[in-house]
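2 protein chains.
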Amino acid sequence: MRKRIVIIGAVALGPKVAARLRRLDPDVQITVVDRDNLISYGGCGIPYYVGGDIADIEGLCSTSFHVVRDAKFFRDSKGVNVLTGVEAVSINRKEKKIDVQYMADGKKDSLEYDKLVIATGATPFTPPIPGVDLPMVFSVANLHSAKAIKDTISKGMVENAVVVGAGAIGIEMAEALTDLWGIKTTIVEMADQVLPMALGKNISRIVENTLKESDVDLLLSEKLVRINGDAQSGVTSVETTGGQIECDMVILSAGIRPNTKFASDAGLAVGRSGGLLVDSRMRTTDPDIYAGGDCVEVKNLVSGENMMMPLGSLANRQGRIIADNIHGRPSQFKGMVGTFCIKVFDSGVATAGLTVDQARRNGFDPVHAMVSQPDRAHFYPTASMMYIELIADRNTRKVLGIEAVGSQGDAVKARVDAVAPLLQSGITVDDICTLEVGYAPPFASAMDIINNAGNVLDNILEGGNKPMDALEFFEKFANDEIKVIDVRQPKEVESCIERYKDKWGNIPQSELKKRLDEIPKDEPVCLVCGTGARSYECQRLLNHNGFVNVRNVQGGHTLLVALNPEFF
Amino acid sequence: MRKRIVIIGAVALGPKVAARLRRLDPDVQITVVDRDNLISYGGCGIPYYVGGDIADIEGLCSTSFHVVRDAKFFRDSKGVNVLTGVEAVSINRKEKKIDVQYMADGKKDSLEYDKLVIATGATPFTPPIPGVDLPMVFSVANLHSAKAIKDTISKGMVENAVVVGAGAIGIEMAEALTDLWGIKTTIVEMADQVLPMALGKNISRIVENTLKESDVDLLLSEKLVRINGDAQSGVTSVETTGGQIECDMVILSAGIRPNTKFASDAGLAVGRSGGLLVDSRMRTTDPDIYAGGDCVEVKNLVSGENMMMPLGSLANRQGRIIADNIHGRPSQFKGMVGTFCIKVFDSGVATAGLTVDQARRNGFDPVHAMVSQPDRAHFYPTASMMYIELIADRNTRKVLGIEAVGSQGDAVKARVDAVAPLLQSGITVDDICTLEVGYAPPFASAMDIINNAGNVLDNILEGGNKPMDALEFFEKFANDEIKVIDVRQPKEVESCIERYKDKWGNIPQSELKKRLDEIPKDEPVCLVCGTGARSYECQRLLNHNGFVNVRNVQGGHTLLVALNPEFF
């Protein structure tokens with residue numbers, strides 16, 4: 001008898017398993033079931049559909065050659081049987097079958113399997129507060145909700161929107177609403193920063209400024225308490241722990257929950273996050289049942305912890321591995337390091353590994369470097385500033401994480417992608433100093449920002465570079481705890497002196513050696529320059545001359561402006 | 001007594017060693033000598049200066065904060081003594097001193113050293129043919145020749161130029177002449193392709209088409225024989241092995257030779273390429289003499305061979321390592337994998353490791369995959385086609401090289417940079433299949449092109465994918481040796497059928513299973529689709545149905561067009 005493979009879920013991982021498996025084996029019988037009738041779509045593209053980058057919903061569920069990936073497509077082109085509008089109700093592991101129900105007529109049936117694949121994904125989390133079921137409250141669950149959102153706003157009925165949650169989807173939706181539709185949008189986020197799972201305090205602050213400059217209001221450290229309105233007129237306002245915001249629409253993007261009840265009811269083990277536990281061959285605790293995509297936990301190879309990482313890219317890679325294993329080839333998915341990227345209006349953000357806080361929580365002793373440098377040769381006309389935070393463990397010098405932001409997103413991603421695949425093998429800071437990335441002036445500096453990030457972190461770890469974090473600088477400066485000496489050329493410093501008068505001193509680097517007597521020996525001195533390179537050299541010069549209480553501001557004036565534009 | 005460090009050469013590596021060493025040690029005495037008065041410049045920026053991206057020559061020798069890096073700058077800001085206009089004549093290793101001569105007045109002197117650093121770079125190769133010393137014959141040697149070229153063409157005296165050599169500098173100069181100045185430019189290259197050191201036949205062909213489309217004439221497999229003209233009117237034409245080309249200017253960019261005579265005369269060992277031999281701490285065969293940059297050989301960590309790799313990026317990284325070692329810190333430069341990138345008009349090209357030919361010459365059994373895929377989610381509006389060639393060894397599955405080209409250069413470079421740093425550790429194709437790079441629709445596909453390149457190569461190595469190279473396809477098609485079946489939708493195939501009539505068959509993938517009887521069993525069948533994905537699936541379907549003589553065209557119709565636009 002032909003081997004029977006049943007796959008539950010037809011969005012990302014499910015279709016990938018089916019297509020790959022069919023290529024490997026012409027004879028196996030493949031059945032995919034999904035509650036929905038819209039299948040095999042790029043859910044991560046929803047914000048771009050809402051924001052108008054993609055005109056039609058079909059754009060998200062079509063191949064690159066513009067054929068809609070529906071059940072007919074899978075049958076004719078892939079030799080895969082897809083049952084849409086069919087819900088998987090329960091798994092009978094003993095008899096190796098699943099019970100299903102046809103959603104149109106309630107008809108019940110069961111499907112026998114030799115191997116079962118669970119690809120049920122995740123569902124947006126709905127906060128347990130009053131008003132979440134009002135009209136005009138949406139989540140970004142699937143193509144139906146995507147269409148509902150776009151249909152609603154394209155009627156011109158929405159002037160003010162509140163997005164709940166400043167994770168990736170929340171930020172992308174806020175951009176979509178603001179950029180195309182001119183809807184005044186407010187993001188409400190519980191944490192004290194945006195993208196709290198992905199970014200540390202420095203890079204997130206830059207992203208927050210980008211959002212604000214793009215006319216998105218941002219309420220951090222505030223929690224949604226209630227949504228006001230009624231069934232007729234829909235939403236009128238939301239209440240947060242900080243106050244009330246008038247609005248016509250609410251988008252809930254406060255995280256997701258894996259769809260695993262069905263599987264855990266059948267006795268399959270789930271992890272702390274609620275995701276199914278799988279081994280590196282993507283097998284659940286039942287060796288005949290595989291799972292992957294948004295409904296499983298994956299191992300973070302830097303922290304060693306399991307976590308949820310709902311990304312279409314992981315789903316696709318895992319899908320191929322599941323198909324291999326079903327076919328008898330022992331391919332493995334060893335885990336991941338949390339590589340993530342996002343476009344935020346005109347900037348790109350990318351990250352991999354752990355943030356400083358995450359590293360500390362995982363028992364490391366993190367040390368970090370913040371580097372400001374143009375993303376290509378500084379003399380090349382399209383050069384624009386990029387910011388990188390590189391994080392390593394003090395004792396082992398192992399690199400723990402990297403975060404980057406800049407206006408040319410592909411270039412930002414290039415730096416993080418060059419480091420991310422190495423993180424799992426425990427590379428050290430020294431490897432980043434000599435990391436071999438391509439060089440040509442239109443694309444990189446001779447000493448590229450990524451190498452420089454390694455160099456700076458090396459200097460910090462070696463004790464030669466004694467940095468002050470920009471965020472610490474703002475605090476100490478406000479409290480008059482430091483004496484600032486700006487070592488740039490006088491004309492570069494003019495505006496700072498104009499604003500801060502005698503609180504902002506200036507001794508150009510070239511004159512420093514002759515003007516040592518102007519430097520106080522009895523109070524903390526903080527050196528500032530354009531990006532941190534000159535101030536570091538000056539700090540060493542001062543150290544060599546007996547000044548011990550000297551630090552230099554990491555990333556320099558450029559970073560200070562990026563973090564806190566109002567300061568200047 | 002203060003330790004005395006003498007550095008010969010003040011362009012890239014020399015200044016880097018000096019600046020880093022000063023930061024590490026305030027007391028060491030650092031003297032840099034250079035024949036030239038223009039120092040510490042970005043030589044790789046010369047084509048962009050000639051092409052107008054950089055307005056003034058000062059742009060190439062200034063810091064990012066617009067201060068010219070001259071001797072005064074090094075003295076005042078870095079505490080480094082730079083002697084310009086001073087030539088190093090010989091090394092007396094026994095007495096640890098170098099003899100120098102002041103070029104202005106011929107005065108001789110000597111400089112004692114505790115450690116010597118040779119950073120003498122390389123000189124453009126001048127072919128030994130008649131006419132190379134005529135006026136209007138230039139090489140891209142330094143800022144003086146850069147200025148001479150730009151001054152000459154900005155007077156409007158040049159209508160036709162010949163560039164000799166289609167390496168990086170030749171291509172960049174051809175672009176500069178054509179793009180800004182509208183000079184009709186012809187590149188003459190001995191090899192049968194452009195960038196012969198960096199690229200294989202597929203990607204180089206795409207670059208050649210970009211050049212032609214940008215109005216650069218390209219004469220491959222032709223050698224310069226003579227430059228005609230006279231001392232008054234300068235150049236009038238050049239003769240090549242293929243004919244004669246009228247022109248007003250010749251730019252020689254036919255490779256470089258390391259400046260090592262001085263060092264080899266002193267008994268320091270040089271390698272086969274003429275570059276100085278150094279160990280991984282950048283020491284020559286004399287442990288008190290370091291060398292780096294364009295005058296040394298470096299080890300290719302994929303092939304194991306030493307080679308020249310004249311790149312400002314390597315010079316900078318090596319410079320830091322030399323400074324560390326002089327300071328007593330045993331930093332190492334372990335070698336490189338030939339990572340290279342270049343902008344060619346509106347496209348970006350990047351590569352790392354070995355080409356197929358280089359791999360074969362080095363004793364490997366190379367297998368390659370050619371993949372055509374959009375550089376971001378195909379539904380994202382800025383998506384554009386990228387081409388990647390991934391090369392691995394058949395027996396070990398180790399990745400040997402990667403080449404990529406596309407219209408968004410940062411995105412091209414991102415893919416190569418994600419692989420390049422892994423090449424030295426012997427990663428396999430499987431690692432590329434699951435390579436963890438960032439994913440978001442504006443920057444990548446869920447199954448990104450880099451992962452897909454791994455998947456395709458894996459399928460080829462496993463024997464499931466039986467590819468035909470595009471270049472082989474053209475040959476076989478021209479010779480009527482294959483039956484073409486295009487498995488795209490009829491409307492996608494219209495233009496091909498119109499042009500090639502019954503030589504170009506069409507059976508859409510969705511109908512293939514029902515129309516098996518139309519496929520010849522007795523002659524070689526070649527399947528074509530858009531990018532190679534559907535044709536691969538169809539090939540497997542046909543194999544499963546007993547058709548054994550079936551192959552699919554790698555990269556599909558998209559790649560065929562990119563390689564041979566006139567074919568369609």
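These protein sequences, in sequence, are chains A and B.
Residue 138 in my numbering sits at position 138 of the first sequence, with consecutive numbering throughout.
Residue 53 in my numbering sits at position 53 of the second sequence, with consecutive numbering throughout.
We put the beta carbon where it would ideally sit given N, CA and C, even for glycine.
Counting along the chain, no alpha helix (DSSP H) covers K184 of chain A; the unbroken beta strand (DSSP E) around it starts and ends at 184–188.
Counting only runs that start and end inside the stretch 497–523 of chain A, the alpha helix (DSSP H) elements of at least 4 residues fall at 509–512. Annotated as distal: A119 of chain B and G328 of chain B, with beta-carbon spacing of 7 Å or more. Judged by DSSP secondary structure, L83 of chain B falls within the beta strand (DSSP E) whose first and last residues are 81–84.
The DSSP assignment places complete alpha helix (DSSP H) segments of no fewer than 4 residues inside the stretch 363–446 of chain A at 409–423, 429–433, in order along the chain. At the C-beta level, N300 of chain B and M307 of chain B come within 7 Å of one another. By the Cβ-count criterion, R376 of chain B is buried, with 16 or more other Cβ atoms from all chains shown falling within 10 Å of its own Cβ.
The beta carbon of A269 of chain A lies closer than 8 Å to those of L276, L277, T284, T285 in the same chain, with the five residues before and after it left out. Using a 10 angstroms sphere on the CB of P310 of chain B, the tally of other CB atoms reaches 16 or more, which defines it as buried.
A distance below 7 Å separates the beta carbons of S347 of chain A and T210 of chain A. In the three-state DSSP reduction, I129 of chain B falls in the coil class, being neither helix nor strand. Residue A:G338 holds the alpha-carbon nearest to the alpha-carbon of Q358 of chain A among A:L219, A:E159, A:G338, A:F345. As a beta-bridge residue in DSSP terms, L219 of chain A pairs with A:V188. DSSP, read as helix, strand or coil, puts N306 of chain B in strand.
A straight line joining the alpha-carbon of K261 of chain A with that of S273 of chain A spans about 13 Å.
Shown here, L268 of chain A sits in coil according to DSSP, grouped into three states, outside any helix or strand. Looking at A:C433, A:F474, A:D502, the one whose alpha-carbon comes closest to that of P565 of chain A is A:F474.
Only residues of its own chain outside the window of five on either side were considered, and among them L516 have a CB closer than 7 Å to the CB of N545 of chain A, listed in chain order. Contact of C44 of chain A with chain B is assigned, a C-beta pair being separated by under 7 Å. Leaving aside the five residues that flank P15 of chain B on each side, the residues in its chain whose CB is nearer than 6 Å to its CB run, in chain order, S40. Annotation for L559 of chain A: M370, S372, Y387, A470 place their beta carbon closer than 7 Å to its own, counting only its chain and skipping 5 residues before and after. Listed as beta-bridge partners of N92 of chain A by DSSP are A:K97. Against chain B, a Cβ distance below 7 Å from L180 of chain A picks out nothing, because the smallest value is about 12 Å. The C-beta of F379 of chain A comes closer than 7 Å to at least one C-beta of chain B. Using a CB distance below 9 Å, no part of the stretch 203–225 of chain A faces chain B. Per DSSP, reduced to three states, the secondary structure at M173 of chain A is helical. The continuous stretches of beta strand (DSSP E) do not include K147 of chain B, which lies in the alpha helix (DSSP H) extending over residues 143–154. For E189 of chain A, no chain B residue has a C-beta closer than 7 Å to its own C-beta; the minimum C-beta separation is roughly 19 Å. Taking CB atoms only, P467 of chain A has no neighbour in chain B less than 7 Å away. The beta carbons of R226 of chain B and F125 of chain B sit no closer together than 7 Å. Membership of E472 of chain B in the alpha helix (DSSP H) is indicated by the continuous run 470–478.
With respect to chain B, the C-beta atom of F547 of chain A has no partner C-beta closer than 7 Å.
Interface flag for D76 of chain A against chain B is set, since a Cβ pair is found closer than 7 Å. By the CB criterion at 7 Å, G271 of chain B and E239 of chain B fall outside the cutoff. Chain A has a Cβ within less than 7 Å of the Cβ of T339 of chain B. With its beta carbon less than 7 Å from one in chain A, T434 of chain B belongs to the interface.
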